[in-house]
Ligand SMILES: Cc1ncc(COP(=O)(O)O)c(C=O)c1O
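Numbering (my numbering), first residue to last: 227 to 568.
Encoded structure:
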C-alpha cells in the first residue's frame, strides 16, 4: 500500500525494531526500574537540562491528557486552537480526565497568537465562569506549520502574566526542530513551556511518548496521575528502548529531516499543477492542498490520503521517514495526468 494518509501509517524504523530486539533478553526491573529507562531519562535530561522531570506513556492522547491533568483543576479552562488534536481528535478524553472546558480559538494556519489568546481571557476570579489556566499549542501544528521560538515566547509571556501554564503537544516535535534548525530546548524549555508531550510514534517508533515537565512543581503528583490514567507501562523498557534508539546517532533528526524533505518535494511537484492549490506553508512533514473533487477518488485508490475539509476538498498529505522520492514522483505524475484529463 502506498499512502500519504498519515505518519501513523508507516511501520517501525529498523533501528528502533533492532533496539526492541536487543532489549528483549533476560529479566529487568519493571515499571521503569530498569537500566534502559535510566539511560533514556539521562538522555532527555542532557537535551533539556537536569531539572527536567521525565515520564513515559503509551500514546499521544495519554501524554496530552495527563500533562494537562497535572496542570489544572476541574474548574479550569484550557485555551487552544479550534483545530487542536486535544479539541477535535481525542474524543472527550481531555474533558473527561481534566474536567476542564476547552476553549478553541479560530485559526487559519493551525497556530494561535498571543494577542488572540489575551483577548479571549475573561472573568478571571469570577466564581461563575470557567477559570482559564492553560494555553495549549501543537508543535508542529495540525496544519503542519511550525511556531517560531519567538511566537512560543510571546505565548508564554501571556501565560506568565495571568499565572497560566503553557502546554505543548509535541507529537511531531522532531519535524518542528528540523524545520526551525534549532535544538529542542530553544523553542520549548528556553521559551518557558511548562509541560511538553514529546512524540515518538510519528517519527518511527512503534508506540510511546514522553511527558516532560520543565516546571518541576507540576510533576510532583504525576506518577499517581499516570497510574490512575492507565498509562503506566509495566515492561517500560520496551518504550524506553525505542527512545534510546530514536535519541541515538541522530535518528530522530535523520527521520524527521527525510519526512520534511519529502513534503517539500511533494509541495514543489504539486505547485506545477494549475488545478491544485497548496493552502498552507509546508514547514513540517505535511502538505495541505485543494485537489479537484473529480479526481480525488481515483488518486486515493492508488495512494490513500484523507480529505481534511469536505466543503473545500482540502486534502492532507503526510510524509514519514519511509516515504520514498519515487512515491512522491508517482503521486504527482498521477495527479497531473488526472487533472489534465478534466
Ligand atoms: C497533533 C497530534 N497530537 C497528538 C497525537 C497523538 O495521538 P495518539 O493518541 O493517537 O497517539 C496526534 C496523532 O494523530 C496528533 O496529530
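For every residue, glycine included, the Cβ atom is placed at its ideal position computed from N, Cα and C. Since this is a predicted model, take the numbers as computed values, not measurements.
Quiz item: Name the DSSP bridge partner or partners of residue 435?
Solution: The beta-bridge partner set that DSSP reports for residue 435 consists of 283 and 425.
Quiz item: For the alpha helix (DSSP H) that contains residue 468, what are its first and last residues?
Solution: Element bounds for residue 468: 463 to 472.
Quiz prompt | residue 358 - DSSP class collapsed to helix/strand/coil | solution = If DSSP states are grouped into helix, strand and coil, residue 358 belongs with the strands.
Exercise. Please classify residue 328: does DSSP put it in a helix, a strand, or coil?
Key: Three-state result, residue 328: strand.
Quiz item: According to DSSP, what are the bridge partners of residue 494?
Solution: According to DSSP, which records beta bridges pairwise, residue 494 is partnered with nothing at all.
Practice problem: Using alpha carbons as the reference points, say which of 350, 546, 563 and 373 lies closest to residue 417. | Solution: Closest option to residue 417, Cα to Cα, is 373.
Quiz prompt | residue 361 vs residue 328 beta-carbon contact at 8 Å | solution = For residue 361 and residue 328, no; Cβs fall outside 8 Å.
Exercise. Under 8 Å by Cβ, that's how I've got residue 410 and residue 273 pegged, so tell me the actual separation to the nearest angstrom.
Key: Going by Cβ atoms, the distance from residue 410 to residue 273 rounds to 6 Å, so yes, they are a contact pair.
Exercise. Kindly confirm or deny that the stretch 311 to 322 and the stretch 338 to 354 touch, where touching means at least three C-beta pairs closer than 8 Å.
Key: Put simply, the stretch 311 to 322 does not touch the stretch 338 to 354. Fewer than three CB pairs are less than 8 Å apart.
Quiz item: From residue 504 to residue 306, what distance separates their C-alpha atoms?
Solution: It is roughly 25 Å from the alpha-carbon of residue 504 to the alpha-carbon of residue 306.
Exercise. Leaving aside the five residues before and after residue 477 along the sequence, list all residues of the same chain whose C-beta is less than 8 Å from its C-beta, in chain order.
Key: Excluding positions up to five away in sequence, the list reads 239, 241, 242, 430 and 471.
Quiz prompt | Three-pair Cβ contact test at 8 Å for the stretch 510 to 519 versus the stretch 527 to 545 | solution = As far as the Cβ criterion goes, the stretch 510 to 519 touches the stretch 527 to 545, which means the pair count is three or higher.
Quiz item: Just to confirm, does residue 484 get its C-beta within under 7 Å of one of the non-hydrogen atoms of ligand 1?
Solution: For residue 484, the Cβ stays outside the 7 Å cut-off from all heavy atoms of ligand 1.
Self-check item: Alpha-carbon to alpha-carbon, residue 375 and residue 387
Solution: Between residue 387 and residue 375, the C-alpha separation is close to 18 Å.
Practice problem: Compare the beta carbon distance of residue 414 and residue 485 with 8 Å and say whether it is the shorter of the two. | Solution: No, they are not a contact pair.
Practice problem: State the start and end residues of the unbroken beta strand (DSSP E) segment that holds residue 540. | Solution: In this chain, the beta strand (DSSP E) harbouring residue 540 covers 540 to 544.
Practice problem: Please confirm whether any heavy atom of ligand 2 lies closer than 7 Å to the CB of residue 459. | Solution: Ligands in the displayed structure: ligand 1; ligand 2 is not one of them.
Quiz item: Are the Cβ atoms of residue 263 and residue 294 separated by less than 8 Å?
Solution: No. Outside cutoff.
Quiz prompt | Contact test: residue 397 Cβ vs ligand 1 heavy atom, cutoff 7 Å | solution = Relative to ligand 1, the nearest heavy atom lies less than 7 Å away from the CB of residue 397.
Quiz prompt | Limits of the beta strand (DSSP E) - the one that residue 254 falls within | solution = Where residue 254 is concerned, there is no enclosing beta strand (DSSP E), because DSSP gives it neither an H nor an E.
Exercise. Give a single yes or no on whether residue 234 has its beta carbon closer than 7 Å to a heavy atom of ligand 1.
Key: Checking the 7 Å criterion, the Cβ of residue 234 is within range of a heavy atom belonging to ligand 1.
Quiz item: Can you tell which of 412, 291, 441 and 377 has its C-alpha closest to the C-alpha of residue 389?
Solution: It is 441.
Self-check item: Coarse secondary structure for residue 388, derived from DSSP in three states
Solution: The three-state secondary structure of residue 388, taken from DSSP, is coil.
Exercise. Excluding the 5 residues preceding and the 5 following residue 270 in the sequence, name in chain order all residues of the same chain whose CB lies nearer than 7 Å to its CB.
Key: The beta carbon of residue 270 sits closer than 7 Å to those of 278, 280, 436 and 438, all from its chain and outside the five residues before and after it, given in chain order.
Quiz item: In three-state terms, what does DSSP make of residue 396?
Solution: In the displayed model, residue 396 falls within a strand according to three-state DSSP.
Quiz item: In whole angstroms, what is the alpha-carbon distance linking residue 355 and residue 334?
Solution: Their Cα atoms are separated by approximately 28 Å.
Quiz item: Say the cut is 7 Å; is the CB of residue 177 nearer than that to a heavy atom of ligand 1?
Solution: Residue coverage of the chain in this structure runs from 227 to 568, which leaves residue 177 outside it and unanswerable.
Quiz item: Cβ-heavy atom distance between residue 286 and ligand 1 below 7 Å?
Solution: For ligand 1, at least one heavy atom lies less than 7 Å from the Cβ of residue 286.
Quiz item: Looking at residue 364 and ligand 1, is the gap between the Cβ and the nearest heavy atom below 7 Å?
Solution: Yes, the Cβ of residue 364 comes within 7 Å of a heavy atom of ligand 1.
Self-check item: Buried versus exposed call for residue 564 [16 or more other C-beta atoms within 10 Å across all chains shown]
Solution: Of the residues assessed, residue 564 falls on the buried side of the cut-off, its CB having 16 or more other CB atoms within 10 angstroms.
Exercise. Report the option in 377, 466 and 391 whose CA atom is closest to the CA atom of residue 246.
Key: Among 377, 466 and 391, the Cα nearest to that of residue 246 belongs to 466.
Quiz item: What is the DSSP secondary structure of residue 446, reduced to helix, strand or coil?
Solution: Residue state, collapsed to three classes: coil.
Quiz item: Thinking just about the alpha-carbon of each residue, which of 424, 228, 265 and 385 is nearest to the one in residue 292?
Solution: Residue 292 has its Cα closest to that of 424, out of 424, 228, 265 and 385.
Practice problem: Output the distance between the C-alpha atoms of residue 482 and residue 568, rounded to the nearest integer angstrom. | Solution: So the alpha carbons of these two residues sit roughly 36 Å apart.
Quiz item: Which residues mark the beginning and the end of the beta strand (DSSP E) in which residue 302 is found?
Solution: Its beta strand (DSSP E) spans residues 302 to 307.
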